[in-house]
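Have a look at the structure below before the remarks.
2 protein chains.
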Amino acid sequence: MKHHVADRMRGISSFYVMELLQRAKELERQGRDIVHMEIGEPDFATPPLVLEAGNRFLSKGEVKYTAAAGLPELRSAVAEYYRTQYGVSLDPRRVFITPGASGAFLLAFAASLNPGERVLMADPCYPCNDNFVRLFDAGTHFVPVGADTAYQLNAELIRRHWRPGCKGALIASPSNPTGTLVCAADLQAAVAAVSALGGCFYSDEIYHGLVYGDPAASALQFSDQVFVINSFSKFFGMTGWRVGWLVVPEDFVDAVEKLAQNIFIATPTHSQYAALASFDPENMAELNRRRDEFAARRDFLYDSLLRLGFKIACKPHGAFYIYADCSAFCDDSFEFAKSLLETEGVAVTPGKDFGAHRANYHIRFAYTASIDRMAAALTRLERFICR
Amino acid sequence: MKHHVADRMRGISSFYVMELLQRAKELERQGRDIVHMEIGEPDFATPPLVLEAGNRFLSKGEVKYTAAAGLPELRSAVAEYYRTQYGVSLDPRRVFITPGASGAFLLAFAASLNPGERVLMADPCYPCNDNFVRLFDAGTHFVPVGADTAYQLNAELIRRHWRPGCKGALIASPSNPTGTLVCAADLQAAVAAVSALGGCFYSDEIYHGLVYGDPAASALQFSDQVFVINSFSKFFGMTGWRVGWLVVPEDFVDAVEKLAQNIFIATPTHSQYAALASFDPENMAELNRRRDEFAARRDFLYDSLLRLGFKIACKPHGAFYIYADCSAFCDDSFEFAKSLLETEGVAVTPGKDFGAHRANYHIRFAYTASIDRMAAALTRLERFICR
Ligand SMILES: Cc1ncc(COP(=O)(O)O)c(C=O)c1O
Ligand SMILES: Cc1ncc(COP(=O)(O)O)c(C=O)c1O
Chain F
1 MKHHVADRMR GISSFYVMEL LQRAKELERQ GRDIVHMEIG EPDFATPPLV
51 LEAGNRFLSK GEVKYTAAAG LPELRSAVAE YYRTQYGVSL DPRRVFITPG
101 ASGAFLLAFA ASLNPGERVL MADPCYPCND NFVRLFDAGT HFVPVGADTA
151 YQLNAELIRR HWRPGCKGAL IASPSNPTGT LVCAADLQAA VAAVSALGGC
201 FYSDEIYHGL VYGDPAASAL QFSDQVFVIN SFSKFFGMTG WRVGWLVVPE
251 DFVDAVEKLA QNIFIATPTH SQYAALASFD PENMAELNRR RDEFAARRDF
301 LYDSLLRLGF KIACKPHGAF YIYADCSAFC DDSFEFAKSL LETEGVAVTP
351 GKDFGAHRAN YHIRFAYTAS IDRMAAALTR LERFICR
Chain H
1 MKHHVADRMR GISSFYVMEL LQRAKELERQ GRDIVHMEIG EPDFATPPLV
51 LEAGNRFLSK GEVKYTAAAG LPELRSAVAE YYRTQYGVSL DPRRVFITPG
101 ASGAFLLAFA ASLNPGERVL MADPCYPCND NFVRLFDAGT HFVPVGADTA
151 YQLNAELIRR HWRPGCKGAL IASPSNPTGT LVCAADLQAA VAAVSALGGC
201 FYSDEIYHGL VYGDPAASAL QFSDQVFVIN SFSKFFGMTG WRVGWLVVPE
251 DFVDAVEKLA QNIFIATPTH SQYAALASFD PENMAELNRR RDEFAARRDF
301 LYDSLLRLGF KIACKPHGAF YIYADCSAFC DDSFEFAKSL LETEGVAVTP
351 GKDFGAHRAN YHIRFAYTAS IDRMAAALTR LERFICR
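Sequence lines, in order, name chains F and H.
Note that UniProt numbering has the first sequence beginning at 1, numbered continuously upward.
Note that UniProt numbering has the second sequence beginning at 1, numbered continuously upward.
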């Protein structure tokens with residue numbers, strides 16, 4: 001019955017890191033100690049105030065569907081967050097609560113992409129992006145990026161790569177896998193460039209808050225015609241709760257509302273009530289302490305990798321990733337990663353999960369492990385590359 | 001910027017009942033008492049054991065992403081449920097835990113439908129079905145059904161309506177909005193007919209368990225080449241938790257796994273741990289008590305509606321809906337519903353939310369309110385139709 005699988009599935013790939021993850025688990029079952037530096041998920045537990053809010057809500061037992069667009073009070077709280085964080089005033093009607101940023105991508109692309117249309121994205125980037133676009137039989141036009149543009153698209157690249165059939169451009173700042181940011185002026189110019197071309201601008205801001213220096217700018221500061229994808233997963237530490245949000249241009253409100261009704265019914269209710277506690281000042285203080293811990297880890301890992309001979313062309317200022325050039329040690333980073341896992345029990349993500357451009361010379365290290373654990377990993381890594 | 005909205009959105013509609021729901025809320029804010037018989041959601045709270053399991057899991061605070069396909073223990077528990085309930089042996093690898101049946105539909109259709117292909121469905125049926133199909137630029141071939149086939153597709157209708165470009169057929173038994181079942185023999189014949197035509201069979205079994213008579217048969221009893229969509233929302237009473245499942249043919253396991261990784265990352269973790277308690281015998285006993293309460297409501301509502309002059313051509317044996325012919329009172333059931341809400345404060349769902357076939361002569365009553373509340377509604381309804 002192979003012929004039943006839809007054609008789009010041929011283009012949708014799973015992640016190479018899954019193979020490593022599975023092997024890592026096997027090794028752990030055999031009693032091996034594995035340091036996980038492949039995981040794109042904070043190692044912290046759910047923040048205490050959020051957990052309490054979740055428990056308080058559950059104690060009532062009434063876990064019914066919410067409105068498709070989300071709890072009105074959560075939509076308002078998100079809108080208010082844009083006012084305090086970015087000085088942007090935002091009608092809560094434009095805010096949709098979704099099952100993670102993943103749900104936000106689903107809505108944004110379903111509402112805006114026709115089959116055959118293309119979206120410009122940086123290579124390397126978050127691998128699900130391209131697969132979301134393929135879900136709707138649209139495609140990605142990958143733009144190879146390097147350290148000269150901080151591994152990001154910019155206005156000039158967008159104009160140069162724009163072709164008939166292009167529908168928009170996606171920027172994630174800070175980026176997964178590179179942790180690099182687009183500065184406010186460049187983001188503004190990119191938004192303007194896409195607008196001048198008549199396209200949609202998709203801004204993945206899921207790593208906002210996890211920034212080690214000046215805070216990141218939101219695309220909403222420069223236009224109300226953008227799609228902004230965000231989530232309670234990363235900075236807010238709520239991965240498994242599956243709650244995020246999407247901000248849409250006014251003209252998309254009705255379409256996205258219909259879609260949300262049909263494809264989600266609603267986002268998990270208890271997760272939405274828990275997320276409401278995220279904006280409490282006491283919780284924000286806790287999240288900022290965690291951010292400072294990530295900053296310390298970033299410094300530690302960055303210095304250590306450089307010392308070992310990895311090249312990091314662009315110091316990352318956000319997210320929890322370092323995208324390191326390992327060309328001094330190998331010309332196939334996937335083989336490198338597999339061998340590192342087998343011999344030393346350190347799990348990392350191969351570049352080819354994020355694109356094709358010089359992917360074989362890159363490894364993504366996630367600093368979602370403590371400095372102690374990373375120190376152990378780095379000792380092993382040193383032994384591995386000096387073997 | 002209207003031109004940005006994707007073409008598929010033109011065909012995706014929101015629900016007429018939303019207008020009624022909004023008006024009902026307005027009236028409630030004004031102090032009016034509204035009886036809600038429009039809501040497709042059990043009025044019971046989350047079952048106590050499930051709630052406890054959820055709370056127990058949350059107390060640890062570690063709400064991380066699970067594997068994309070779901071918790072292995074929950075997949076196994078679902079597989080085991082097929083053994084005990086239906087005598088079907090099922091490899092847990094074929095079970096995917098999803099954000100509700102909604103998530104299951106998303107995976108099943110994304111993995112199997114190409115743009116332009118069509119799926120046969122009964123008219124009337126659950127309105128999201130057609131919109132899910134449209135999401136992937138495929139279409140629905142609606143087959144008008146009536147009391148002669150218990151408002152269901154059968155093998156003969158499937159063969160008669162099959163056209164080039166048809167990719168499969170969808171049956172929901174018990175059905176929303178009619179509450180009617182397909183008997184085991186007819187389901188087997190329908191599965192065989194679709195298989196002979198080389199198509200995919202999609203079986204929406206979300207109302208299994210809520211059956212007032214002989215239990216419903218699962219399509220998995222007749223073939224391992226079917227897609228079975230199910231959920232913890234209805235019988236298990238977990239709507240707002242957003243957890244359900246999809247069973248796929250072996251040949252789809254890899255494709256669906258890739259999709260789940262990309263579009264969901266995972267189903268809410270706390271919801272999956274809570275759902276694990278669903279299969280506990282003590283919980284099943286509680287759910288069966290609730291089912292008996294629904295059966296009593298069904299009898300009460302059925303008898304009352306007939307007494308008032310509604311026609312119910314086919315006594316419903318499942319779900320929590322009665323699809324009543326109101327042609328004795330009106331020829332536009334949407335207007336009837338709006339007027340009933342305004343004058344008497346009773347909310348019901350108009351037939352046209354479920355299709356086009358004689359939709360203007362039908363109303364869906366949900367017995368998701370207590371018998372006392374329904375008695376009040378019926379007094380008002382009687383006054384309304386005798387006015
Ligand atoms: C860049 C980026 N965008 C979106 C997501 C989706 O996250 P979630 O659906 O948990 O919000 C991720 C998760 O790793 C990510 O790295
Ligand atoms: C027939 C049918 N299928 C699927 C669903 C989706 O439910 P959920 O996503 O909550 O599991 C519903 C909800 O009303 C339904 O009536």
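All residues carry an ideal CB built from backbone N, CA and C; glycine is no exception.
Quantities reported herein were computed from a predicted structural model and do not represent experimental measurements.
Local Cβ density within 10 Å of Leu220 of chain F, reported as buried at 16 or more and exposed below that: Burial call: buried.
Candidates F:Phe232, F:Ala369, F:Ala68 and F:Thr349: closest to Ala296 of chain F by CA position: F:Ala369
Length at least 3, wholly inside the stretch 160-212 of chain F: the beta strand (DSSP E) runs in chain order: 166-172 and 200-204
Whole-angstrom distance between Asp137 of chain F and Pro115 of chain F, CA atom to CA atom: 5 angstroms
Nearest neighbour of Thr98 of chain H, chosen from H:Glu293, H:Tyr361, H:Val248 and H:Asp331 [CA to CA]: H:Val248
Ala101 of chain F Cβ short of 8 angstroms to ligand 1 heavy atom set: yes
Unbroken alpha helix (DSSP H) run spanning Pro144 of chain H, endpoints: Taken as a continuous stretch (DSSP letters only), Pro144 of chain H belongs to no alpha helix (DSSP H), being part of the beta strand (DSSP E) at Gly139 to Pro144.
Enclosing alpha helix (DSSP H) for Gly17 of chain F [first to last residue]: Correcting the residue identity first, residue 17 of chain F is Val in this sequence and not Gly. Run containing Val17 of chain F: Tyr16 to Arg29, per the alpha helix (DSSP H) assignment.
Proximity winner among F:Asp33, F:Arg93 and F:Gln22, relative to Glu250 of chain F (alpha-carbon distances): F:Arg93
Closer than 8 angstroms: residue 458 of chain F CB and nearest ligand 1 heavy atom: Any question about residue 458 of chain F goes unanswered here, given that chain F covers just 1 to 387.
Within-9 angstroms CB hit, Pro162 of chain F to chain H: Per the sequence presented here, residue 162 of chain F reads as Trp, with Pro not at that position. Not one chain H Cβ lies under 9 angstroms of Trp162 of chain F.
Within 9 angstroms, strictly: CB atoms of Ala122 of chain H and Val145 of chain H: yes
Segments assigned beta strand (DSSP E), at least 3 residues, entirely inside the stretch 295-353 of chain H: Secondary structure within the stretch 295-353 of chain H: the beta strand (DSSP E) runs of 3 or more consecutive residues, fully enclosed, are 321-325 (chain order).
Backbone secondary structure at Arg387 of chain H - three-state DSSP: coil
Presumed contact (8 angstroms Cβ cut-off) between Ile12 of chain H and Phe132 of chain F, rounded CB distance: About 18 angstroms; that fails the 8 angstroms criterion.
Any non-hydrogen atom of ligand 1 within 8 angstroms of Asp204 of chain F CB: In terms of side-chain proximity, the C-beta atom of Asp204 of chain F is found nearer than 8 angstroms to a non-hydrogen atom of ligand 1.
Short-range partners of chain F found in the stretch 221-245 of chain H, where Cβ spacing is below 8 angstroms: So the close ones are Gln225, Met238, Thr239, Gly240, Trp241 and Arg242.
Integer-rounded CB distance, given that Thr269 of chain F should sit under 8 angstroms from Gly240 of chain H: Right, their Cβ atoms sit about 3 angstroms apart.
Reduced DSSP category for Met1 of chain H - H, G, I as helix; E, B as strand; rest coil: For Met1 of chain H, the predicted model reports a pLDDT of 43, less than 50, meaning its position is unreliable; a value from the coordinates is still stated below. In the structure shown, Met1 of chain H sits in coil (DSSP, three-state: anything other than H, G, I, E or B).
Check: Lys64 of chain H C-beta below 8 angstroms from any heavy atom of ligand 1: no
Interface positions of the stretch 9-40 of chain F facing chain H (Cβ-Cβ less than 8 angstroms), listed along the chain: Cβ proximity to chain H below 8 angstroms picks out Met9, Ile12, Ser13, Ser14, Phe15 and Met18 from the stretch 9-40 of chain F.
Counted within 10 angstroms of its Cβ, other Cβ atoms place Pro164 of chain F as buried (16 or more) or exposed: By the neighbour-count criterion, in which 16 or more other beta carbons inside 10 Å mark a residue as buried, Pro164 of chain F falls on the exposed side.
CA nearest to the CA of Ala185 of chain F, picked from F:Ser218, F:Leu210, F:His208 and F:Met284: F:Ser218
Span of the beta strand (DSSP E) around Asn230 of chain H: Phe227 to Ser231
Ser271 of chain H at chain F interface by Cβ criterion, 9 angstroms: yes
CB contact below 9 angstroms: Leu308 of chain H versus chain F: no
Straight-line gap, Ile39 of chain H to Phe336 of chain F (C-alpha atoms, nearest Å): 56 angstroms
Beta-carbon proximity list for Leu340 of chain H, same chain, < 6 angstroms, skipping 5 on both sides: Cβ within range, chain order: Val346 and Phe384.
Spatial distance of Lys25 of chain H from Gly237 of chain F (CA atoms): 34 angstroms
Proximity of Leu170 of chain F and Leu107 of chain F at Cβ, strictly below 9 angstroms: Against a cut-off of 9 angstroms, the Cβ pair of Leu107 of chain F and Leu170 of chain F comes out as no contact.
Beta-carbon gap between Val5 of chain F and Phe201 of chain H smaller than 9 angstroms: no
Best match in H:Asp292, H:Val348, H:Tyr302 and H:Gly244 for proximity to residue 388 of chain H [C-alpha to C-alpha]: No information on residue 388 of chain H is available, as it lies outside the stretch 1 to 387 that chain H covers here.
9 angstroms Cβ cut-off: residues of chain H touching Ile263 of chain F: Ser102, Gly103, Phe105, Leu106, Cys128, Asn131, Phe132 and Leu135
Cβ-based burial, Lys2 of chain H [other Cβ within 10 Å; buried from 16]: Low confidence applies to Lys2 of chain H: its pLDDT is 45, below 50, so where it sits in the model is not reliable enough to give any reading.
Same chain, Cβ closer than 8 angstroms to Ala285 of chain F, five either side skipped, listed in chain order: none
Residue-chain proximity (Gly54 of chain F, chain H), Cβ-Cβ < 9 angstroms: yes
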